[in-house]
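S.K.: Next up is a structure, given as structure tokens.
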Amino acid sequence: MGDRLSPLELMTKLISFPTVSRDTNIPLIDWVEEYLTSHGIKSHRYIDPDQPKHALFAHVGPDVEGAIVLSGHTDVVPVDGQPWETDPFTVVEKDGKYYGRGTCDMKGFDGLALWALVEAHYAGVKRPLQIALSFDEEVGCTGAPPMIAAMQGVVPKGRAVIVGEPSSMQAVTGHKGGSGFNTHVVGFEVHSSLLHTGVNAIMAGAKLIEWANEQNTANMAAKPSELASMFDPPFTTVHVGMISGGTAHNITAKDCRFAMDFRVVPGEDKEYWKNAYLAKVREVEEAMQTVVPETRIDITPRFDVPALQPEEEGEAETLVRQITGDNASHKVSYGTEAGQFQDAGYSAVICGPGDIAQAHQPNEFIEISQFNAGHDFMRKLVERLCL
């Protein structure tokens with residue numbers, strides 16, 4: 010039997026693996042598998058066929074359906090260019106906080122979930138507990154759906170999922186859906202003194218970005234629905250965060266690339282926004298092709314995340330509220346794997362330690378009091394599963 014590590018020791022170990030989304034997470038998954046095996050817990054993997062990424066899931070307790078599932082992701086965002094005061098992949102305790110990349114989002118929760126799984130195993134819980142650790146959450150929650158599919162028939166079907174994104178240990182019952190589209194505008198290069206004979210891909214792309222500005226202005230001015238009013242902001246947002254293109258200042262740009270992303274409030278159709286964007290793309294493309302016919306705009310789907318819909322007397326929400334005592338209504342604008350689990354037939358809620366405001370920041374941290382609150386939650390959860 011291996012050593013039973015504390016939540017802090019588990020978080021510290023997980024953070025030592027630099028699992029930035031662009032890189033592999035396999036060494037972390039290898040370690041988790043070995044740790045669980047040392048305690049007699051069998052784990053299973055989903056292996057991505059296209060990149061060196063693995064997901065892991067495991068089940069403890071009776072071999073029956075109805076488990077509580079603790080869901081977390083193993084990837085973190087990059088630290089490149091951020092002014093860190095400590096080693097981002099080493100947990101540092103200072104001023105009542107644990108610093109490190111992923112302490113808040115979300116290896117703090119992952120460590121707590123691993124601790125709970127091992128404790129549940131030794132406690133002989135009467136209701137099963139599962140863990141599900143995905144990848145590529147930070148690039149659009151693309152790793153969770155195949156993991157969820159892989160779980161079916163391999164472990165007994167769980168019933169209620171707690172997604173441990175940082176929510177200050179509050180029960181979050183709804184979040185926006187999201188979709189994103191890689192956009193490649195292909196223009197035609199000429200000397201900028203003769204720009205009317207060429208097609209500047211950047212300037213054409215700017216028309217699409219201005220369309221996004223117009224949509225945001227209109228959405229902000231419109232009266233929100235009752236459901237949308239629960240979110241901050243209470244409307245669908247359209248966003249471009251990165252752009253690249255061009256060769257030289259005196260050449261019309263041949264290429265322009267950016268991603269157009271939508272965060273859609275529940276009750277609105279993501280397909281509507283997709284179709285509206287594609288209609289604008291075709292309009293801009295037609296204008297380009299009147300000048301140079303071989304120009305074009307290529308659109309590639311980047312991610313598609315369903316909203317988390319508030320549930321009527323949802324089992325996951327009820328469980329979290331019973332443990333935390335939180336009876337307030339909480340909705341968030343960020344996306345998570347909760348909507349994907351919900352689409353797969355699970356009851357789902359978000360509840361995890363830490364403040365989302367610290368996620369992705371230089372000198373990311375989690376308050377020690379929040380981490381301890383997460384530990385207390387897991388202790389109470391295991392106790393309930395023993396009843």
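Residue numbers (our numbering): 10 to 396. Backbone N, C-alpha and C fix where the C-beta goes; we use that ideal spot for every residue, glycine too. As the structure is a prediction and not an experimental result, all values here were calculated from the model.
Where do the N-terminal and C-terminal ends of the alpha helix (DSSP H) with residue 281 fall, by residue?
M.R.: 279-300
S.K.: If you reduce the DSSP assignment to three classes, tell me which class residue 310 lands in.
M.R.: DSSP places residue 310 in strand when its eight states are reduced to three.
S.K.: Tell me, please, which residues DSSP counts as bridged to residue 253.
M.R.: 266
S.K.: What are the start and end residues of the alpha helix (DSSP H) that includes residue 42?
M.R.: 35-46
S.K.: If I measure Cβ to Cβ from residue 81 and keep anything under 7 angstroms in the same chain, skipping five residues before and after, which residues do I get?
M.R.: 115, 118, 119, 122, 142, 173
S.K.: For residue 353, I'd like the list of residues in its chain whose CB is within less than 7 angstroms of its CB, leaving aside the five on either flank, ordered along the chain.
M.R.: Same-chain partners within the cutoff: 157.
S.K.: What residue ranges within the region 97-141 form continuous alpha helix (DSSP H) runs of no fewer than 4 residues, ordered along the chain?
M.R.: 116-132
S.K.: If we ignore side chains and look at the alpha-carbon of each, how far apart do residue 26 and residue 94 end up?
M.R.: 19 angstroms
S.K.: How long is the line joining the alpha carbons of residue 186 and residue 272, rounded to whole angstroms?
M.R.: 6 angstroms
S.K.: Between the region 168-183 and the region 247-258, do at least 3 Cβ pairs fall closer than 8 angstroms?
M.R.: no
S.K.: Between which residues of its own chain and residue 134 is the CB-CB distance below 6 angstroms, once the five residues before and five after are set aside?
M.R.: 70, 394, 395
S.K.: Let me know if residue 346 comes out buried or exposed under the rule of 16 or more other beta-carbons within 10 Å of its beta-carbon.
M.R.: Per the 10 Å Cβ criterion, buried.
S.K.: Could you tell me which of 34, 84, 103, 364 sits nearest to residue 147, measuring between CA atoms?
M.R.: Measuring from the Cα of residue 147, the nearest candidate turns out to be 84.
S.K.: When the distance is taken between beta carbons, is residue 264 closer than 8 angstroms to residue 208?
M.R.: no
S.K.: Do you know whose CA, among 210, 12, 278, lies nearest residue 290's CA?
M.R.: Ranking 210, 12, 278 by Cα distance to residue 290 puts 210 first.
S.K.: Does the distance from the C-beta atom of residue 47 to that of residue 67 stay below 8 angstroms?
M.R.: Going by C-beta atoms, residue 47 is not nearer than 8 angstroms to residue 67.
S.K.: Given that a residue counts as buried once 16 or more other Cβ atoms are within 10 Å of its Cβ, and exposed if not, what is residue 378?
M.R.: exposed
S.K.: Enumerate in chain order the residues of its own chain whose CB-to-CB distance from residue 16 is below 6 angstroms, with the five nearest sequence positions on each side excluded.
M.R.: 120, 121, 124, 384
S.K.: Assuming residue 126 contacts residue 50 under a Cβ cut-off of 8 angstroms, what Cβ separation, rounded to an integer in Å, is found between them?
M.R.: 7 angstroms
S.K.: Please go through the same chain and pick out, in chain order, the residues whose beta-carbon is closer than 7 angstroms to the beta-carbon of residue 97, but skip the five residues on each side of it.
M.R.: 88, 109, 110
S.K.: Just how far apart, CA to CA, sit residue 39 and residue 30?
M.R.: 17 angstroms
S.K.: Helix or strand or just coil, what does DSSP make of residue 191?
M.R.: Residue state for residue 191 is assigned as strand, using DSSP reduced to three classes.
S.K.: Could you give the C-beta distance for residue 365 and residue 192, rounded to a whole number, given that I count them as a contact under 8 angstroms?
M.R.: Between residue 365 and residue 192 the beta-carbon gap is near 28 angstroms, outside 8 angstroms, which marks them as no contact.
S.K.: Just to confirm my understanding: we take residue 270, look at its own chain, exclude 5 residues before and 5 after, and list those with CB closer than 6 angstroms. What are they?
M.R.: Excluding positions up to five away in sequence, the list reads 189, 248.
S.K.: Using a 10 Å radius around the Cβ and a threshold of 16 neighbouring Cβ atoms, would you call residue 63 buried or exposed?
M.R.: buried
S.K.: Taking all protein chains shown into account, do 16 or more other C-beta atoms lie within 10 angstroms of the C-beta of residue 34, making it buried, or fewer, making it exposed?
M.R.: buried
S.K.: Three-state secondary structure (DSSP) at residue 247?
M.R.: It is a strand residue.
S.K.: When burial is assigned at 16 or more other CB atoms within 10 Å of the CB, is residue 161 buried or exposed?
M.R.: exposed
S.K.: What span of residues does the beta strand (DSSP E) with residue 359 cover, start to end?
M.R.: 356-359
S.K.: Looking only at its chain, what residues have a beta carbon closer than 8 angstroms to the beta carbon of residue 204, apart from the 5 residues adjacent to it on each side?
M.R.: 261
S.K.: Hey, quick one: how far does the alpha helix (DSSP H) through residue 384 stretch, first residue to last?
M.R.: 377-394
S.K.: Just the C-alpha distance for residue 14 and residue 373, rounded to the nearest angstrom, thanks.
M.R.: 23 angstroms
S.K.: Please classify residue 303: is it buried, with 16 or more other beta-carbons within 10 angstroms of its beta-carbon, or exposed?
M.R.: Result: exposed.
S.K.: So, helix, strand or coil for residue 63, using DSSP?
M.R.: strand
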